[in-house]
Every structure is written in C-alpha cells, then in structure tokens.
Amino acid sequence: MEFAAAQRDLARAYVGGAPGVMVSGLLCLIAGFSALRWGEASAFTALFIGGMLIWPVSLGVARFAFSAAPVLRGDPIDTLGLESTFVLFAGILVAYGVLRVAPVLALPVVAVTIGARYAIFRTLYAERLYWVRGAAIAVVGSLSVFTVDLPPQTLAFVVGTTEVGFSIALFVRWQRRQSSSLRAS
-8 MEFAAAQRDL
2 ARAYVGGAPG
12 VMVSGLLCLI
22 AGFSALRWGE
32 ASAFTALFIG
42 GMLIWPVSLG
52 VARFAFSAAP
62 VLRGDPIDTL
72 GLESTFVLFA
82 GILVAYGVLR
92 VAPVLALPVV
102 AVTIGARYAI
112 FRTLYAERLY
122 WVRGAAIAVV
132 GSLSVFTVDL
142 PPQTLAFVVG
152 TTEVGFSIAL
162 FVRWQRRQSS
172 SLRAS
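Per this note's numbering, the sequence shown runs over residues -8 to 176.
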C-alpha cells in the first residue's frame, strides 16, 4: 500500500480523526468543570482516566455513527497513532510530577504535550489543520506556563473549546474530501 493510500485509508476509517478530536475536546471541558469545582488534581484525574477512553469512544463513534469500516489490513501507518501515545504518556508522567509540587502548572504541561503529539496527526490523515490545532494548543499551554496567569480551569475550557471547534472543521474538510473522491470515481 502506498503512503498516500494509507493516509486516505486512516482518514476513511477514523472519519478524518474528527470524532477523536471532539471526544478530546469534550473531555477537556469536563476537566475544566472538574478543576473549577474540585481543583487541579481532580481535573488531572479526569484527563488521565478520560484520556484512556478517547480512542475507544471515538472509534465507536466512527463505526456506529458514521458506519466507517475498519482500517485495511496492511496499512503501514496504522500503528503510528498508537506509537505516538508514548509521547503523551511521558508528558502525563511529567505533569503528574509537576502536580505534586506546582499544581497550577500540571494542566499546562498536559496541554503542551497534547499539542506536540497532535503534530503527527498531519502525517496520519494528510491534514495540515492538525499542525494548526497542535500549535494552538501547545502555544496556549506554553503561555499559561510562562507569561499569562491563566487559571487551570480556564486553560481547560480554552483547550476544550478549541478542540471542539477544530473537530467541526476537520469533519467538514473530511466530508468535502469524501464528496470530491466520490465525484472523481
């Protein structure tokens, strides 16, 4: 399978990644409410536990809501998303350490990690909007650490809202590509 075909296959099977971005955005909004109500540690816990559910929930959405067929056997980049999860685990480990000494900085570390990881999704789905999305989240997280005194719940709300917005844009762009490829057939 050639590389571009592998990208198209992943985009088809995962609806351009839009369900995953939507689930991630909703999770960040839940973390924001959790931080507002119970503090940074509960928001971190929500992100940690909920983060493990993003892939299976978004896969369920792709399969049941959009009737997306699974990735074709032999797709050479199918495991790349999973492999990049180890970067996410490393960032979460660092954020957990930060949570113990400077709780207000834990969520910004998670945001920077999420933003950095999503740069690879450009390669997975052949969608440059993932670079913009990753950069936006990483910049907001970085600003929250270094310059802007952004409360953790506000950061979670900003990241969550950004992700929900990007998920809609990704879905619209994916739909257009699907329509274009059907017309070309």
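By construction, the Cβ of each residue, glycine as well, lies at the ideal position given by its N, Cα and C atoms. Keep in mind that this is a model prediction, so the values were computed, not measured.
* So residue 1 packs on residue 69, CB below 8 Å; how close in whole Å? -> Right, their Cβ atoms sit about 7 Å apart.
* Whole-angstrom distance between residue 132 and residue 103, CA atom to CA atom -> Those two C-alpha atoms are separated by around 5 Å.
* When the distance is taken between beta carbons, is residue 51 closer than 8 Å to residue 18? -> By the CB criterion at 8 Å, residue 18 and residue 51 fall outside the cutoff.
* Do residue 27 and residue 99 have their CB atoms nearer than 8 Å? -> Against a cut-off of 8 Å, the Cβ pair of residue 99 and residue 27 comes out as no contact.
* Asked: Would the stretch 110 to 118 and the stretch 85 to 94 be scored as touching if the rule is three or more Cβ pairs under 8 Å?
  -> Contact between the stretch 110 to 118 and the stretch 85 to 94 is absent, because fewer than three Cβ pairs lie under 8 Å.
* Asked: What residue ranges within the stretch 56 to 111 form continuous alpha helix (DSSP H) runs of no fewer than 4 residues, ordered along the chain?
  -> Taking 4 residues as the minimum length, the alpha helix (DSSP H) runs contained wholly in the stretch 56 to 111 are 71 to 74, 76 to 92, 97 to 108, in order along the chain.
* Contact set for residue 6: own chain, Cβ-Cβ below 8 Å, skip 5 residues either direction -> 52, 53, 57, 59, 162, 165.
* Is the Cβ-Cβ distance between residue 13 and residue 155 less than 8 Å? -> Their beta carbons are under 8 Å apart, which means residue 13 touches residue 155 by this criterion.
* Please check the pair residue 106 and residue 125, which I expect to be a contact at CB under 8 Å, by giving their CB distance rounded to whole angstroms. => About 5 Å separates the two Cβ atoms, so the contact holds.
* Asked: Ordered along the chain, which non-local residues of its own chain (more than five positions away) have a Cβ less than 8 Å from that of residue 79?
  -> Within the same chain, residue 79 has close Cβ partners 42, 104, 105, 108.
* Report yes if the C-beta distance between residue 120 and residue 157 is below 8 Å; otherwise report no. => Result yes, Cβ atoms of residue 120 and residue 157 sit closer than 8 Å.
* Asked: Between residue 117 and residue -5, which are expected to be in contact by the criterion C-beta below 8 Å, what is the C-beta distance as a whole number of angstroms?
  -> Confirmed, about 7 Å.
* Asked: What do you reckon, are the CB atoms on residue 61 and residue 4 nearer than 8 Å?
  -> The answer is yes: Cβ separation under 8 Å.
* Span separating the alpha-carbon of residue 49 from that of residue 139 -> For residue 49 and residue 139, the distance between alpha carbons rounds to 32 Å.
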